[in-house]
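Residue numbers (this note's numbering): 151 to 223.
Note that beta-carbon positions come from the ideal geometry of N, C-alpha and C, so glycine has one too.
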């Protein structure tokens, strides 16, 4: 949703995506790649981090794990 809104108003090619929670599946990375995102900052900690890393590698996206989770239930 955020990439759609940003694309409509600002353009997202070459942008950095920051998330307050980990990516539980690779689909978020695939969508970010379609929007032209080149780097992602996220806390990490998903049981599927390896799949998410692989998706970033496939799309040429740099990812930084900060290890601090801001979104908590």
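Where residue i falls: helix, strand or coil (DSSP)
{"i": "residue 189", "result": "strand"}
{"i": "residue 211", "result": "coil"}
{"i": "residue 196", "result": "coil"}
{"i": "residue 171", "result": "coil"}
{"i": "residue 202", "result": "helix"}
Bounding residues of the beta strand (DSSP E) (the contiguous stretch that carries residue i)
{"i": "residue 168", "result": "166–168"}
Contacts around residue i, its chain only, beta-carbon distance under 7 Å, and the 5 residues preceding and following it disregarded
{"i": "residue 163", "result": "186"}
{"i": "residue 198", "result": "174 and 175"}
{"i": "residue 196", "result": "172, 173, 174 and 202"}
{"i": "residue 217", "result": "193 and 194"}
Cutoff 6 Å; reference residue i; Cβ partners in own chain excluding five residues on either side
{"i": "residue 176", "result": "201, 202 and 205"}
{"i": "residue 182", "result": "167"}
{"i": "residue 212", "result": "189"}
Start and end residues, alpha helix (DSSP H) containing residue i
{"i": "residue 163", "result": "Careful: residue 163 lies outside any alpha helix (DSSP H) and carries neither H nor E."}
{"i": "residue 183", "result": "177–184"}
Sequence-distant residues of its chain with Cβ nearer than 8 Å to residue i (five each side left out)
{"i": "residue 220", "result": "170, 171 and 193"}
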